[in-house]
Amino acid sequence: MEIGNLIEDVAFNLLKLAVIRLPSDVKEALQRAYEEETSEAGKVNLKAILTNIEFAEKMNTPICQDTGTIIFYVKAGAQAKGLEKVEAALRSATKRATKEVPLRPNAVDPITRKNSGDNTGRLIPFIHWEITDGDSIEITALPKGGGSENVSALGMITPGEGVNGLKKFVIDTVIEAGAKPCPPNTLGVGVGGGADIAMKIAKKALLRPLNQPNPNTDLAKLEKELYEAANSTGIGPMGLGGKFTVLGVNVEYAHRHPASYPVAVAYQCWAARRATACINADGTVEYLTHKVK
Amino acid sequence: MTVFKLETPISEEEIRKLKVNDVLYVTGTMVTARDAAHKRALDYFKKGKALPIKLEGLAVFHCGPIVKKEDDKWIVVAAGPTTSTRMGQFEDEFIKNFNVRVIIGKGGMGKRTTIAMKKYGAVYGAFTGGAAVLAAKAVKHVKALEWADLGMPEALWIFEVEEFGPLTVAIDSHGNNLFEEVIKKVEEKRTTVYEKLGV
Numbered sequence: 293m294e295i296g297n298l299i300e301d302v303a304f305n306l307l308k309l310a311v312i313r314l315p316s317d318v319k320e321a322l323q324r325a326y327e328e329e330t331s332e333a334g335k336v337n338l339k340a341i342l343t344n345i346e347f348a349e350k351m352n353t354p355i356c357q358d359t360g361t362i363i364f365y366v367k368a369g370a371q372a373k374g375l376e377k378v379e380a381a382l383r384s385a386t387k388r389a390t391k392e393v394p395l396r397p398n399a400v401d402p403i404t405r406k407n408s409g410d411n412t413g414r415l416i417p418f419i420h421w422e423i424t425d426g427d428s429i430e431i432t433a434l435p436k437g438g439g440s441e442n443v444s445a446l447g448m449i450t451p452g453e454g455v456n457g458l459k460k461f462v463i464d465t466v467i468e469a470g471a472k473p474c475p476p477n478t479l480g481v482g483v484g485g486g487a488d489i490a491m492k493i494a495k496k497a498l499l500r501p502l503n504q505p506n507p508n509t510d511l512a513k514l515e516k517e518l519y520e521a522a523n524s525t526g527i528g529p530m531g532l533g534g535k536f537t538v539l540g541v542n543v544e545y546a547h548r549h550p551a552s553y554p555v556a557v558a559y560q561c562w563a564a565r566r567a568t569a570c571i572n573a574d575g576t577v578e579y580l581t582h583k584v585k
Numbered sequence: 238m239t240v241f242k243l244e245t246p247i248s249e250e251e252i253r254k255l256k257v258n259d260v261l262y263v264t265g266t267m268v269t270a271r272d273a274a275h276k277r278a279l280d281y282f283k284k285g286k287a288l289p290i291k292l293e294g295l296a297v298f299h300c301g302p303i304v305k306k307e308d309d310k311w312i313v314v315a316a317g318p319t320t321s322t323r324m325g326q327f328e329d330e331f332i333k334n335f336n337v338r339v340i341i342g343k344g345g346m347g348k349r350t351t352i353a354m355k356k357y358g359a360v361y362g363a364f365t366g367g368a369a370v371l372a373a374k375a376v377k378h379v380k381a382l383e384w385a386d387l388g389m390p391e392a393l394w395i396f397e398v399e400e401f402g403p404l405t406v407a408i409d410s411h412g413n414n415l416f417e418e419v420i421k422k423v424e425e426k427r428t429t430v431y432e433k434l435g436v
């Protein structure tokens, strides 16, 4: 198959997989939350979530009516062929998925309020590029829901407060968010860099599976601490009270300016949708987040 | 926690048995209404104009469904709840004027709605946010589409539903509001959470 068409097909499959089937780590985390939740309302809502996930898979329809803003992360092998075709292929895959899956048209001009109707528009779908060694192309689709996006936050902490300031900012963000982002959530926390860098790595942190702790032991400890603190607030599933306000907290960092301490919190709803595939130079495709027949 | 299965039209007596944290399933007639439909309904009431459907004893759902037409029949594809706070400015008058018994949505509603629910006998049922397939599955058929000029999400969709739920009773007709109770408790815990983190 011609490389542009292959990329389009793979991206279409990724969007379809992402909005219909959650990755196994997310399903397992929700299942565990259901088993361990002690609040009645929390348990009822987690059960409804699990049933909804099952129905979506059986009926081959999107889990949630909000199929998100479409974002792609591309790891482009420096020797890979067809890189010039990636952007056009991802755009046409998005249009096709909007029509065929279907996805809700969620790309609106911020000034004129006009909805493009096909989930594409200026800079959307957004593509995050990374150049890697080798000749393969790895693509991740992240359909990002709006309700959780609305409670994302950026704090420019006083450097003197340091990690303590970060912890307080994250917990304040969680309490402020309350029921709004459809908890239990996944939190991506980005610290350092600058305002834009912190948010970029925070959002990228949402791609790390929930069962994969940070390889940096200090950060792994911080993640655990924030996870326990967020869950001790008692907000609970859907904000109705309970033990599970978050399913996981993933922290990423960048070195910072001595005068700045940016902390970004990227919010993901319980339907933590994502799908990744790798296109090899020989045209074979491996799906990394989902089992595909 | 008690599980209630109620059929529309629901009486005031029936609805007053429900308390926060109870679970409710509704069977019968449900009408979707978002901001624009609430506003128009109240305008109609003021002018003495009849609504396309009598809402007494029915359930109102804060929802903009995805609906498709197949062989001249409407099929509900996804029908998750939308954020209810946006309807807070209309809901007390809405309950008072139309005697609806169940308001369904996500995220909860405020004091004005809680007072009206106590006074006139209605509850707020929280449906799991994002559980759009579960909701759509409980819709047996679309009885009618009214006020289509408001657009698909804002129109009045009149659904025939079977055991629509689970709805967590989050505001009851006795002045209790579960979301506000949780917010209060979380606020009380804030300092303890800080202390545990050493901040």
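Going down the list, the sequences are from chains A and B.
When you read off a place in the first sequence, starting at 1, and then add 292, the result is the number in this note's numbering.
When you read off a place in the second sequence, starting at 1, and then add 237, the result is the number in this note's numbering.
Don't be surprised by glycine CBs; every beta carbon is placed ideally from N, CA and C.
Alpha-carbon to alpha-carbon, B:Val297 and B:Ile340: The residue given as residue 340 of chain B occupies position 103 in the second sequence. The residue given as residue 297 of chain B occupies position 60 in the second sequence. Cα-Cα distance, rounded: 5 Å.
Residues sharing a beta bridge with A:Tyr579, DSSP: Taking the first residue of the first sequence as position 1, residue 579 of chain A is located at position 287. Partner(s): A:Ala569.
Chain-order list of residues whose beta-carbon lies under 8 Å from that of B:Ala287 (same chain, five-residue window excluded): Stepping through the second sequence from its first residue, residue 287 of chain B is reached at position 50. Tyr281, listed in sequence order.
Opening and closing residue of the alpha helix (DSSP H) in which B:Tyr431 lies: Within the second sequence, the letter at position 194 stands for residue 431 of chain B. Leu415 to Leu434 is the extent of the alpha helix (DSSP H) around B:Tyr431.
Of the residues A:Ile527, A:Thr465, A:Leu446 and A:Glu346, the one placed nearest A:Gln323, counting alpha carbons only: One-based indexing of the first sequence puts residue 323 of chain A at position 31. Answer by Cα proximity: A:Glu346.
Inter-residue spacing [alpha-carbon to alpha-carbon] between B:Gly294 and A:Ala340: Your numbering for residue 294 of chain B matches position 57 in the second sequence. Your numbering for residue 340 of chain A matches position 48 in the first sequence. Taking the straight line joining both Cα atoms gives about 26 Å.
Stretch-stretch touch, CB-based, cutoff 8 Å, three pairs: the region 414-424 of chain B with the region 523-533 of chain A: Result yes; three or more Cβ-Cβ pairs closer than 8 Å.
Counted within 10 angstroms of its Cβ, other Cβ atoms place B:Lys343 as buried (16 or more) or exposed: Counting from one through the second sequence, the residue named residue 343 of chain B turns up at place 106. Classification of B:Lys343: buried, given that the 10 Å Cβ count is 16 or more.
Buried or exposed by the 16-neighbour rule on C-beta atoms within 10 Å, applied to A:Lys459: Working through the first sequence from its first residue, we reach residue 459 of chain A at position 167. The residue is buried, with at least 16 neighbouring Cβ atoms inside 10 Å.
Contact set between the region 460-489 of chain A and chain B, restricted to residues whose Cβ is under 7 Å from the partner: Listed by position along the chain: Lys460, Ile463, Ile467, Gly470, Ala471, Lys472 and Cys474.
Bridge-paired residues (DSSP) for A:Thr363: Within the first sequence, the letter at position 71 stands for residue 363 of chain A. Residue 363 of chain A is actually Ile in this sequence, not Thr. According to DSSP, A:Ile363 bridges with A:Phe418 and A:Leu434.
Endpoints, the beta strand (DSSP E) within which A:Lys459 is located: Counting from 1 along the first sequence, the entry for residue 459 of chain A is found at position 167. Looking at the DSSP string, A:Lys459 is not in any beta strand (DSSP E); the run it does join, the alpha helix (DSSP H), is Gly454 to Ala469.
Anticipated Cβ contact below 8 Å, A:Ser440 with A:Tyr559, distance rounded: The sequence position of residue 440 of chain A within the first sequence is 148, counting from 1. The sequence position of residue 559 of chain A within the first sequence is 267, counting from 1. Their Cβ separation, rounded to whole angstroms, is 4 Å, which keeps A:Ser440 and A:Tyr559 in contact under 8 Å.
For A:Leu499, the first and last residue of its enclosing alpha helix (DSSP H): Residue numbering aside, residue 499 of chain A sits at position 207 when the first sequence is read from its first letter. A:Leu499 -> no alpha helix (DSSP H), and no H or E assigned at all.
Pick from B:Ala392, B:Leu243, B:Lys333 and B:Ala270 that is closest to B:Lys283, judged by C-alpha positions: Translated into positions along the second sequence, residue 283 of chain B becomes position 46. Taking only the C-alpha atoms, the option nearest B:Lys283 is B:Lys333.
Sequence-distant residues of its chain with Cβ nearer than 6 Å to A:Lys335 (five each side left out): For the purposes of this step, residue 335 of chain A is identified with residue 43 of the first sequence, where counting begins at 1. Excluding sequence neighbours, A:Lys335 sits near Glu329.
For A:Arg666, the residue or residues it bridges with in DSSP: Look at the range of chain A in this structure, 293 to 585, and you will see that residue 666 of chain A is not part of it.
Beta-carbon proximity list for A:Gly409, same chain, < 6 Å, skipping 5 on both sides: For the purposes of this step, residue 409 of chain A is identified with residue 117 of the first sequence, where counting begins at 1. If we look at A:Gly409 and ignore the five residues flanking it on each side, its Cβ neighbours are Pro397.
Candidates B:Thr350, B:Val436 and B:Glu418, of which the one nearest A:Gly534 by Cα: Numbered from its first residue, the first sequence carries residue 534 of chain A at position 242. For A:Gly534, the nearest C-alpha among the options comes from B:Glu418.
Chain-ordered chain B contacts of A:Gly528 [CB-CB under 8 Å]: Within the first sequence, numbered from 1, the residue matching residue 528 of chain A stands at position 236. Going along chain B in sequence order, the residues near A:Gly528 (Cβ under 8 Å) are Val419.
Reference A:Arg615; option with closest CA among A:Ala333, A:Ile363 and A:Val400: One cannot answer for residue 615 of chain A here, as it falls past the ends of chain A, which runs 293 to 585.
Proximal residues to B:Phe416 (C-beta, below 7 Å), its chain only, five neighbours per side dropped: Start at 1 with the first residue of the second sequence, and residue 416 of chain B comes out as number 179. Counting only Cβ-Cβ distances below 7 Å, and skipping sequence neighbours, we find Gly345 and Ala407.
Element boundaries [beta strand (DSSP E), containing A:Ile355]: Residue numbering aside, residue 355 of chain A sits at position 63 when the first sequence is read from its first letter. Taken as a continuous stretch (DSSP letters only), A:Ile355 belongs to no beta strand (DSSP E), as it is neither H nor E.
Of the residues B:Ile247, B:Phe364 and B:Ala385, the one placed nearest B:Pro318, counting alpha carbons only: In the second sequence, residue 318 of chain B corresponds to position 81, counting from 1. Residue B:Phe364 is the option with its Cα nearest to B:Pro318.
Partner residues on chain A for B:Arg427, Cβ-Cβ distance less than 9 Å: Here residue 427 of chain B refers to the residue found at position 190 when the second sequence is read from its first residue. Those are Ile463, Asp464, Ile467 and Thr525, listed as they occur along chain A.
Pair within 8 Å by beta-carbon distance, B:Phe327 and B:Leu279: Within the second sequence, numbered from 1, the residue matching residue 327 of chain B stands at position 90. Within the second sequence, numbered from 1, the residue matching residue 279 of chain B stands at position 42. Closer than 8 Å, so yes.
Proximity test, Cβ basis, 8 Å: B:Pro403 and chain A: For the purposes of this step, residue 403 of chain B is identified with residue 166 of the second sequence, where counting begins at 1. Answer yes: the Cβ-Cβ gap between B:Pro403 and chain A drops below 8 Å somewhere.
Stretch pair the region 355-371 of chain B + the region 350-370 of chain A: three plus CB contacts closer than 8 Å: yes
Through-space distance from A:Asp401 to A:Asn542, alpha-carbon basis: Locating residue 542 of chain A in the first sequence gives position 250, where the first residue counts as 1. Locating residue 401 of chain A in the first sequence gives position 109, where the first residue counts as 1. Looking at the two C-alpha atoms, the distance is approximately 32 Å.
Beta-carbon spacing of A:Ala521, B:Leu434 below 8 Å: By one-based count along the first sequence, residue 521 of chain A stands at place 229. By one-based count along the second sequence, residue 434 of chain B stands at place 197. Yes, these two residues count as a Cβ contact at 8 Å.
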